[in-house]
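So the sequence shown is numbered by numbering that gives the first Met the number 0: it starts at 0 and just counts up by one. Note that beta-carbon positions come from the ideal geometry of N, C-alpha and C, so glycine has one too. A short worksheet on the structure shown next.
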Amino acid sequence: MRICKLPSSFRPALFAFVCAACAMTAESAAGAADATTLTIDARARVQDTALLDGEFARWNYGASPYLEAGRMMGIYAEHNAVSLIRFDLSGVRAGKITRARLLVYKPRSFSQLQPVNISVHEVGQRNRDWRQGGGFAEVVNDGASWSRLDAARAWAGETGASLVGMDHVVPALNTQPARDDAGHWMAFELPVALVERWIAQPETNAGLRLSLASSGRASRWGDHVYFHSSEHFLGDGPRLELTGADLSQSKLSAKANPALRLPGKDADFRRWARSRSRMAGFTRDLKLNENQTLLFYYFDTEVREKLVNARYRGPITQLIPRLDAAIQANDEAGARACLDEFREKLLVWESIREILWYTAGPLADHLTSAELAKLYTQCMWQRLEDKSNAKARERAAERGDDPESTRGVWEPVKGEALVARQQEVLQRIIKATRPDERQIAEITPVIREFVRLENEHLAHFNRFLDETRLHAEGKAQQGAGDVWDSFRLMNHHHEAFLYYQSLFNTPRWHFLGEKTPPIGWARWISQVGKRYALPEKQMEALKQTQSK
0 MRICKLPSSF RPALFAFVCA ACAMTAESAA GAADATTLTI DARARVQDTA LLDGEFARWN
60 YGASPYLEAG RMMGIYAEHN AVSLIRFDLS GVRAGKITRA RLLVYKPRSF SQLQPVNISV
120 HEVGQRNRDW RQGGGFAEVV NDGASWSRLD AARAWAGETG ASLVGMDHVV PALNTQPARD
180 DAGHWMAFEL PVALVERWIA QPETNAGLRL SLASSGRASR WGDHVYFHSS EHFLGDGPRL
240 ELTGADLSQS KLSAKANPAL RLPGKDADFR RWARSRSRMA GFTRDLKLNE NQTLLFYYFD
300 TEVREKLVNA RYRGPITQLI PRLDAAIQAN DEAGARACLD EFREKLLVWE SIREILWYTA
360 GPLADHLTSA ELAKLYTQCM WQRLEDKSNA KARERAAERG DDPESTRGVW EPVKGEALVA
420 RQQEVLQRII KATRPDERQI AEITPVIREF VRLENEHLAH FNRFLDETRL HAEGKAQQGA
480 GDVWDSFRLM NHHHEAFLYY QSLFNTPRWH FLGEKTPPIG WARWISQVGK RYALPEKQME
540 ALKQTQSK
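Written out as structure tokens, the structure is:
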């Protein structure tokens, strides 16, 4: 091997260069050794809330366990969402920051149908006074909503802090992909200079806005993600992670929102797990572990008592007599006022159902795909379907018809059968609300379209229900689609089917509420609503609990 010798005049310069390089390497190594990471995640230091549009636009979600971004569908309503996060950096000391990251935990959720990208923007300075508030699906004076920065002020630009360049700063600070098949931490790199400014000038800290990144197409159902908020009952709320030298934070005495907490694994929990409660039965059927079982105990006790009964079923129970009195007095204004309240309670249930009930999408972060498939098919829908079909056969027999000729509760129709179904639904509406000829002409084509869409989604639901059942029973053929995909699409089309079918959903509620006689419409809502009222014994127990 030939060795090339350098001229002697080059040797001192080379020696100096090597020494300098070694010094720099040693300095870098020492700096890396001295670097520390400071994580800011105490609930007292985090303000965060989701902003939801549509019928949820005036509500604050500052005490919700979830943040969200994207387009979400539901049985009663759909919405778009963004979320705001701000870290209180008072008492934070930083000699030098070399890296700053926002970390948010995104749970696996079957309401997310595809991977999406999430962007983080700095909130505009004119909106820096927003507050998270202490509400859960309700109007609060000190909290931000889609409509307003707080109860007294609007957003600087547009609702949802949506005006580019004013409500939030462009370009995005960072954009990251949210997977659709697993729960995972999302890490967004933030400019060091931004965090240094927040520490040096706290009054400029307007926080961050998380939203669906533009994909070049209109958002659709399923372009949606949840994140754990600082109030989440399992923790893992938003974090600001700083790397550098001489980093520290003092303890804050500020109060945080009270959060729903998981109950303990005590004697009451063990007694419930052996009880005849429907949810306890699910946990035994599925052979869930103790932590999974504790979640269902939480749903069946804390969530049912403090939210489902106290915020939804109890208020509806108290509202129906007022609605009936307005109907009896032929008081159209009074009936409409009651119906507005009724609708609000339905949407409270929608919020609870979407994030805090045993059928909520984030449940997928705690159950396997196979467990979810069995829960929905064998434990829930199969039993409901069998019960409903048995009652239909009984009614057919009472009429003198062949019981076996009755249509299944979830059997879609098409062709001539669809036309007959459309006419049947239309006649039921006419009988219940008694519209005049002009109103009938207006509602007929729209109702026909609702019924068509209902059956279209019902057909898709049945297809994926069959696939999911085969997976749950261990009978799926080799090469069949993944159980996770079958389950998500089954659930999605079930929601869409009910969205177009239910009397309480957005399309029928608003359309029929405007196009049919007010008293007739109110009477029908009252009749159906009584199914959701609490039994007298439970209502008395709720009143006693609330009076304490």
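Inclusion of TRP220 and ARG352 in the CB contact set at 9 Å is not warranted, their separation being larger than that value.
Counting only runs of 4 or more residues that sit fully inside the segment 452-523, the alpha helix (DSSP H) segments are 482-500 and 505-514, in chain order. In this structure, ARG85 sits near GLN46, with a CB-CB distance shorter than 9 Å. The segment 55-68 makes contact with the segment 226-242, as at least three CB pairs between them are under 8 Å.
Proximity of the segment 422-442 to the segment 467-477 falls short of the contact definition, fewer than three beta-carbon pairs being nearer than 8 Å. Here the C-alpha atom of LEU306 lies approximately 33 Å from the C-alpha atom of ALA389.
Residues of the same chain with a CB within less than 6 Å of the CB of ASP245, apart from the 5 flanking positions on each side, are GLY94 in chain order. Inclusion of PHE268 and THR282 in the CB contact set at 9 Å is not warranted, their separation being larger than that value. Within the same chain, and ignoring the five residues on either side of LYS254 in sequence, the residues whose Cβ sits closer than 8 Å to its Cβ are ALA43. Taking each of PRO517, LEU464, ILE198 and ALA155 in turn and checking the Cα distance to ARG125, the smallest one comes out for ALA155.
Shown here for SER276: same chain residues with a beta carbon closer than 8 Å to its own, the five before and five after excluded, namely ASP299 in chain order.
Buried is the label assigned to VAL122, since at least 16 other Cβ atoms lie within 10 Å of its Cβ. Taken in chain order, the complete beta strand (DSSP E) segments of 3 or more residues contained in the segment 373-409 number zero; there are none. Going by DSSP, LYS95 is part of the beta strand (DSSP E) stretching over 91-105. The criterion of a C-beta distance shorter than 9 Å is not satisfied by TYR75 and TYR357. Between LEU172 and ARG312, the alpha-carbon positions lie close to 43 Å from each other. Minimum Cα-Cα distance from PRO262 among the listed residues ALA272, GLN422, LEU293 and GLY512 corresponds to LEU293. Membership of SER350 in the alpha helix (DSSP H) is indicated by the continuous run 331-354.
Within its own chain, the residues whose Cβ lies closer than 8 Å to the Cβ of ILE518, once the five positions on either side in sequence are excluded, are ILE326, ASN329, GLU331 and ALA334, listed in chain order. According to the DSSP assignment, GLY280 belongs to the alpha helix (DSSP H) that extends over 277-284.
Rounded to whole angstroms, the gap between the alpha carbons of ALA363 and LYS344 is 26 Å.
By the beta-carbon neighbour count (other beta carbons within 10 angstroms, threshold 16), GLU415 is exposed. The shortest C-alpha to C-alpha distance from SER249 to any of MET489, ASN504, LEU464 and ALA41 is the one to ALA41. With respect to the C-alpha of LEU51, the residue from ARG98, ILE96, ALA136 and THR36 having the closest C-alpha is ALA136. Cβ atoms of VAL302 and LEU355 come within 8 Å of each other, at about 5 Å. Here GLN248 carries a strand assignment [DSSP, helix/strand/coil]. In the three-state scheme derived from DSSP, where H, G and I count as helix and E and B as strand, ARG57 is classed as coil. Minimum Cα-Cα distance from ASP265 among the listed residues GLY236, LEU533 and GLU289 corresponds to GLU289. The C-beta distance from PHE460 to PHE109 rounds to 14 Å, too long to meet the 8 Å contact threshold. Beta-carbon to beta-carbon, ASN59 and GLY164 are separated by about 26 Å, too far to satisfy the 8 Å threshold. Between the C-alpha atoms of ALA324 and GLY134 there is a straight-line separation of about 31 Å. When the five nearest sequence neighbours on each side are left out, the beta carbons in the same chain lying within less than 6 Å of the beta carbon of THR35 are those of LEU246, in order along the chain. Straight across, the Cα-Cα distance linking LEU457 with THR48 is about 35 Å.
LEU502 has its alpha-carbon roughly 34 Å from the corresponding atom of GLN291.
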